[in-house]
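Take a look at the structure below.
Chains as they are written, first to last, in this note's numbering: chain A, 22 to 135; chain B, 9 to 121.
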């Protein structure tokens with residue numbers, strides 16, 4: 022039972038354009054969400070997080086949007102750069118961020134074309 | 009500042025054997041979590057330790073166990089290995105108060121033959 026779903030296995034975007042990565046969840050108890058990026062042969066790297074009391078959080082080129090009614094999360098990268106090419110995982114927690122028990126999606130491979 | 013260090017990086021075992029993986033967290037990080045990554049299932053939470061106590065456990069059989077030492081270093085053990093245990097095992101550490109913001113190691117790649 023996949024509680025966090027990333028339905029797009031891959032996404033290709035031109036450099037300078039916006040990348041939008043999507044994530045859906047089924048557990049209404051999730052109240053803290055995160056995005057991680059993973060390069061080959063490296064461990065995942067934390068990117069950005071959002072609490073369920075917010076609907077948007079920005080950090081530089083990265084913005085995460087949360088739509089609780091739709092149980093939908095998205096990550097916007099503007100502008101996209103070739104170095105952003107990686108696998109992106111969304112993750113969720115139902116303990117208000119008070120635990121490292123995260124439920125991860127299966128990832129989306131982003132390719133930013135120069 | 010050194011990152012999370014996992015050893016060994018690669019290992020091959022046969023069914024029925026047991027394996028121990030080691031993780032040294034970033035200095036000052038007292039929380040250590042373990043995840044299993046497989047192509048079909050993505051990253052799945054195994055367990056979390058804080059101050060030598062297991063704080064949380066995922067849905068894995070009892071063959072999977074772990075512990076944390078007083079210096080925050082952690083080990084995980086898998087006994088009676090099965091083919092399906094072949095995976096990348098990732099360790100992550102975090103600062104207290106910054107829970108969820110994990111610093112991952114490069115992982116230990118286990119192949120069970």
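Virtual Cβ for every residue (Gly too), placed ideally from N, Cα, C.
Here's a check: name, in chain order, each residue in its chain whose Cβ is nearer than 7 Å to the Cβ of residue i, leaving out the five neighbours to either side.
| i | result |
| --- | --- |
| residue 106(A) | 131, 132 and 133 |
| residue 99(A) | 39 and 82 |
| residue 42(A) | 32, 95, 96, 109, 129 and 131 |
| residue 95(B) | 44, 45, 46 and 118 |
State the Cα-Cα distance for the pair residue i and residue j, rounded to the nearest angstrom.
| i | j | result |
| --- | --- | --- |
| residue 46(A) | residue 112(A) | 9 Å |
| residue 51(B) | residue 62(A) | 15 Å |
| residue 104(A) | residue 105(B) | 30 Å |
| residue 1(B) | residue 72(B) | No information on residue 1(B) is available, as it lies outside the stretch 9 to 121 that chain B covers here. |
| residue 89(B) | residue 68(B) | 13 Å |
| residue 93(B) | residue 118(B) | 8 Å |
| residue 15(B) | residue 43(B) | 15 Å |
| residue 45(B) | residue 37(A) | 32 Å |
| residue 91(B) | residue 21(B) | 10 Å |
| residue 40(B) | residue 101(A) | 32 Å |
| residue 127(A) | residue 49(B) | 7 Å |
| residue 70(B) | residue 76(A) | 39 Å |
| residue 65(A) | residue 115(B) | 10 Å |
| residue 35(A) | residue 121(B) | 42 Å |
Is residue i near the ligand GTP - that is, is its Cβ less than 8 Å away from at least one heavy atom of it?
| i | result |
| --- | --- |
| residue 35(B) | Among the components of this structure there are no ligands whatsoever, and the ligand GTP is therefore not found. |
Can you have a look at residue i and say buried or exposed, based on whether 16 or more other CB atoms are within 10 angstroms of its CB?
| i | result |
| --- | --- |
| residue 49(A) | exposed |
| residue 74(A) | exposed |
| residue 113(B) | buried |
| residue 85(B) | exposed |
| residue 60(A) | exposed |
| residue 125(A) | buried |
| residue 120(A) | buried |
Taking 8 Å as the limit between beta carbons, can you name the residues of its chain near residue i, skipping five residues before and five after?
| i | result |
| --- | --- |
| residue 66(B) | 52, 53, 54 and 55 |
| residue 125(B) | A question about residue 125(B) goes unanswered here, because the residues of chain B that appear run from 9 up to 121. |
| residue 123(A) | 55, 112, 113 and 114 |
| residue 24(B) | 88 and 89 |
| residue 60(B) | 75, 76, 77 and 78 |
Once the 5 residues before and after residue i are set aside, which same chain residues still bring their CB inside 6 Å of it?
| i | result |
| --- | --- |
| residue 55(A) | 70 and 112 |
Below 9 Å between beta carbons is the criterion; list the residues of the stretch 49-80 of chain B that meet it against any residue of chain A, in chain order. The residues in question are 49, 50, 51, 52, 53, 55, 56, 58, 63, 64, 65 and 66.
Segment contact, 8 Å Cβ cut-off, at least three pairs: the stretch 80-99 of chain B with the stretch 24-44 of chain A: At 8 Å Cβ cutoff, the stretches do not touch.
Short of 8 Å Cβ to Cβ, which residues in the stretch 115-126 of chain A face chain B? Of all residues in the stretch 115-126 of chain A, 118, 119, 120, 121, 122, 123, 124, 125 and 126 have a Cβ within less than 8 Å of some Cβ in chain B.
Please list the residues of the stretch 44-55 of chain A that have a C-beta atom closer than 7 Å to any C-beta atom in chain B, keeping them in chain order. Close to chain B, meaning a Cβ-Cβ distance shorter than 7 Å, are the following residues of the stretch 44-55 of chain A: 53 and 55.
So does the stretch 29-43 of chain B actually touch the stretch 83-98 of chain A, counting three or more Cβ pairs closer than 8 Å? Segments in contact, no.
Taking beta-carbon pairs under 8 Å, can you tell me which members of the stretch 64-88 of chain A lie near chain B? Listed by position along the chain: 64, 65, 66, 67 and 70.
Chain A contacts made by the stretch 108-119 of chain B, where a contact means CB separation under 9 Å: Within the stretch 108-119 of chain B, the qualifying residues are 108, 109, 110, 111, 112, 113, 114 and 115.
Can you list, in chain order, the residues of the stretch 11-42 of chain B whose Cβ is nearer than 8 Å to any Cβ on chain A? Flagged, chain order: 12, 39 and 41.
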